[in-house]
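Enquirer: The numbering of the sequence shown is the working numbering, which starts it at 385 and goes up by one.
Take a look at the following structure, please.
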Amino acid sequence: MEFENVIRDRYSCRKFSSKMIEDEKLEKILEAGRIAPTAKNLQPFKILVVKSLDGIAKIDEASPCRYGAPCVLVVCGDTEDAFHSDVFNSYEMDSSIVATHMILEATNLGVNNIWIELFDKEMIQREFDLDDSLVPVCLLPMGYADEEAGPSHKHFERKELEEIVEYR
Ligand SMILES: Cc1cc2nc3c(=O)[nH]c(=O)nc-3n(C[C@H](O)[C@H](O)[C@H](O)COP(=O)(O)O)c2cc1C
Numbered sequence: 385m386e387f388e389n390v391i392r393d394r395y396s397c398r399k400f401s402s403k404m405i406e407d408e409k410l411e412k413i414l415e416a417g418r419i420a421p422t423a424k425n426l427q428p429f430k431i432l433v434v435k436s437l438d439g440i441a442k443i444d445e446a447s448p449c450r451y452g453a454p455c456v457l458v459v460c461g462d463t464e465d466a467f468h469s470d471v472f473n474s475y476e477m478d479s480s481i482v483a484t485h486m487i488l489e490a491t492n493l494g495v496n497n498i499w500i501e502l503f504d505k506e507m508i509q510r511e512f513d514l515d516d517s518l519v520p521v522c523l524l525p526m527g528y529a530d531e532e533a534g535p536s537h538k539h540f541e542r543k544e545l546e547e548i549v550e551y552r
C-alpha cells in the first residue's frame with residue numbers, strides 16, 4: 385500500500401471478526417516493531433503475542449477493550465534497559481514507536497488494529513509473570529474488522545494544520 389494510504393486508512397477498530405491473522409502477516413508486523421528506532425538503539429522492549437485461550441482470558445480480565453480481536457500484542461518497555469537518568473526514562477517513548485511501527489505495518493497488510501491504554505498494568509504484569517522492570521505500555525488488539533465495524537466519528541475529527549503548527 386502507498387504510505388500515504390496507510391496513514392490515512394488506519395483507524396481504531398472496535399469490532400473484530402474471529403478470523404485469526406495469518407502467521408506470515410504476524411511475522412511482518414513483529415518485524416516492523418523489531419526495526420523501530422529506540423533511544424541509543426538500546427531496544428528496551430518485549431512484545432507478547434497473546435493468542436491462546438488462556439492468554440486472551442487474562443487480557444479480558446485486565447481490559448474491557450479487546451473488542452473481540454483474536455490476537456493481542458502487548459508492548460512492554462524495560463525501564464532498566466532503557467536510556468534513563470534521574471529525571472528521564474525513554475521506555476514509554478521507545479515502546480510507543482515500536483507500537484506505531486506495528487500498527488502501520490498491520491494496516492499496510494490489511495490487518496485491523498487499535499491502540500489500548502485502558503488496562504490494568506499490574507494485572508498484566510502479574511498474570512504474564514513479567515520481570516519487575518518490564519512495564520506493559522499498550523495493548524494492540526489485531527485481526528480483521530467485523531463487517532459492521534468502521535471508523536468512529538472521532539476518526540474524522542482532526543484539528544486543522546493552522547491550529548497545531550506554528551512557524552517561528
Ligand atoms: C495512546 C492511545 C491510547 C488509546 N487508548 C484507547 C483505549 O483504551 N480504548 C479505546 O477504545 N481506544 C483507545 N485509543 C484509540 C483512540 O480513541 C483513537 O485513536 C482516536 O479516537 C482517534 O480515532 P482513530 O484512531 O480511529 O483515528 C487510544 C489511542 C491512543 C493513541
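Glycine is no exception: its CB is placed at the ideal position from the N, C-alpha and C atoms.
Values in this document were obtained by computation on a predicted structure and should not be read as measured data.
Could you say if the region 438-446 and the region 501-513 meet the contact criterion of at least three C-beta pairs nearer than 8 Å?
Expert: Touching, yes.
Enquirer: By DSSP, does residue 429 sit in helix, in strand, or in coil?
Expert: If DSSP states are grouped into helix, strand and coil, residue 429 belongs with the strands.
Enquirer: Is residue 469 close to ligand 1? I mean its beta-carbon at under 6 Å from any heavy atom of the ligand.
Expert: Result no, Cβ not under 6 Å from ligand 1.
Enquirer: What residue from 427, 437 and 471 has the CA that sits closest to residue 459's CA?
Expert: If we check each option's Cα against that of residue 459, 427 comes out closest.
Enquirer: Using beta carbons (cut-off 7 Å, strictly below), is residue 480 in contact with chain B?
Expert: The question asks about chain B, but that chain is absent: this structure has only one protein chain.
Enquirer: Does DSSP put residue 540 in a helix, in a strand, or in coil?
Expert: It is helical.
Enquirer: Going straight from the alpha carbon of residue 397 to that of residue 498, what length do you get?
Expert: In a straight line, the C-alpha of residue 397 is about 6 Å away from that of residue 498.
Enquirer: Per the DSSP calculation, residue 457 is bridged to which residue(s)?
Expert: DSSP output for residue 457 lists 433 and 524 as bridge partner(s).
Enquirer: May I ask whether a heavy atom of ligand 1 can be found less than 6 Å away from the beta carbon of residue 539?
Expert: Checking the Cβ of residue 539 against ligand 1 gives yes.
Enquirer: Which class does residue 519 belong to by DSSP, given the choice of helix, strand or coil?
Expert: Reduced to three states, the DSSP call for residue 519 is strand.
Enquirer: Can you tell me which of 533, 538 and 548 puts its alpha carbon nearest to the alpha carbon of residue 451?
Expert: Comparing Cα positions, the closest option is 533.
Enquirer: I need the straight-line Cα distance from residue 495 to residue 415, nearest angstrom please.
Expert: Roughly 15 Å between the two C-alpha positions.
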